[in-house]
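Just so you know, full-length UniProt numbering puts 233 at position 233 of the sequence shown, and the rest follows in order with no gaps. Note that beta-carbon positions come from the ideal geometry of N, C-alpha and C, so glycine has one too. This report refers to the structure that appears directly beneath it.
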Amino acid sequence: MDKYVVKRPPGETGGGGGGKRPRAEEPASGQSPWQEIRAEGLSCDYRLLFGKAEADEIFQQLEEEVEYFEGDMTKLHVFGKWHDIPRKQVTYGDPELTYTYSGVTFSPKPWIPVLNRIRDRITLDTGHTFNFVLINRYKDGGDHIGEHRDDERELVPRSPIASVSFGACRDFVFRHCDSRGKNATRHIKPIKLQLAHGSLLMMKYPTNVYWYHSLPTRKRVLAPRINLTFRKVMTIAKK
Numbered sequence: 001m002d003k004y005v006v007k008r009p010p011g012e013t014g015g016g017g018g019g020k021r022p023r024a025e026e027p028a029s030g031q032s033p034w035q036e037i038r039a040e041g042l043s044c045d046y047r048l049l050f051g052k053a054e055a056d057e058i059f060q061q062l063e064e065e066v067e068y069f070e071g072d073m074t075k076l077h078v079f080g081k082w083h084d085i086p087r088k089q090v091t092y093g094d095p096e097l098t099y100t101y102s103g104v105t106f107s108p109k110p111w112i113p114v115l116n117r118i119r120d121r122i123t124l125d126t127g128h129t130f131n132f133v134l135i136n137r138y139k140d141g142g143d144h145i146g147e148h149r150d151d152e153r154e155l156v157p158r159s160p161i162a163s164v165s166f167g168a169c170r171d172f173v174f175r176h177c178d179s180r181g182k183n184a185t186r187h188i189k190p191i192k193l194q195l196a197h198g199s200l201l202m203m204k205y206p207t208n209v210y211w212y213h214s215l216p217t218r219k220r221v222l223a224p225r226i227n228l229t230f231r232k233v234m235t236i237a238k239k
């Protein structure tokens with residue numbers, strides 16, 4: 001399956017280049033209708049959640065109030081070696097939760113008002129609740145994140161992940177697991193989205209079973225971007 005479908009509500013016309021690069025335009029209310037992004041094994045919903053003025057305000061609050069990890073918490077263990085994370089990162093969430101990613105176990109910091117504000121808006125808009133958020137700050141187009149799946153064992157099975165973006169609009173690329181690398185067994189074109197300032201992307205089951213996602217380097221992007229992925233995490237019993 002080489003292409004995907006962006007479904008829009010009846011009566012909506014709109015851009016996105018025929019479904020190739022969906023990007024919401026801001027209506028007067030500050031929100032846009034949901035766009036359904038579908039492909040084999042991929043189920044995502046996208047919309048503009050915050051209008052520009054509110055998104056600008058939240059972005060400034062995030063810049064002032066979020067405290068990112070330092071020291072050893074800024075490294076990841078990949079293919080037997082430790083690497084510096086090419087971005088800033090931190091986790092916030094409910095007490096007693098942990099989240100293990102690329103060899104590092106993160107304990108969340110306590111919720112702060114601006115994060116509760118975003119989380120409450122997502123819940124109001126989608127009906128889903130979340131108890132944990134991973135925040136990545138990209139200072140410019142040189143900061144990035146490689147292909148990965150959000151499939152850690154702490155995630156509640158089949159729960160969606162809510163990805164909210166503020167700041168610079170960046171390309172976000174999905175790649176099917178069967179079409180990766182030299183040993184690819186199928187030819188499936190990657191899906192490229194643009195995640196706008198104030199937008200929400202709901203990644204629903206089974207997207208993270210079959211599709212990897214990444215935020216590739218874009219040297220022409222000079223402005224910062226902050227992405228928050230809200231998750232529903234469960235406590236894992238220690239062995």
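Option in the options with minimal Cα separation from residue i
i	options	result
Lys232	Ile161, Met202 and Asp120	Ile161
Ile37	Asp151, Glu67 and Leu200	Leu200
Leu42	Gly103, Thr235 and Ile191	Ile191
Phe172	Cys44, Pro33, Ser32 and Glu40	Cys44
Beta-carbon proximity check, residue i vs residue j, cutoff 8 angstroms
i	j	result
Phe166	Gly142	no
Arg121	Leu49	yes
Arg158	Tyr99	no
Thr91	Pro108	yes
Tyr210	Arg180	no
Gln89	Ile118	no
Asn227	Ser163	yes
His144	Thr217	yes
Arg220	Ala168	no
For residue i, the three-state DSSP class (helix, strand or coil)
i	result
Ile112	coil
Thr126	helix
Leu97	coil
Ile58	helix
Val173	strand
Asp151	coil
Pro22	For Pro22, the pLDDT reaches just 43, beneath the cut-off of 50, and the residue's location in the model is therefore unreliable, leaving the point undetermined.
Asp120	helix
Asp140	coil
8 angstroms contact criterion, which residue i and residue j should meet: CB distance rounded
i	j	result
Leu195	Arg175	That belief does not hold up - the Cβ atoms of Leu195 and Arg175 are roughly 16 angstroms apart, past 8 angstroms.
Val114	Gln61	4 angstroms
Strand pairing of residue i, partner residues [DSSP]
i	result
Ser163	Leu201 and Thr229
Gln31	Gln31 pairs with nothing; no bridge assigned.
Phe132	Gly93 and Arg231
residue 247	What the structure shows of the chain is the stretch from 1 to 239, and residue 247 is not part of that stretch, so it cannot be assessed.
Tyr46	Gln35 and Leu201
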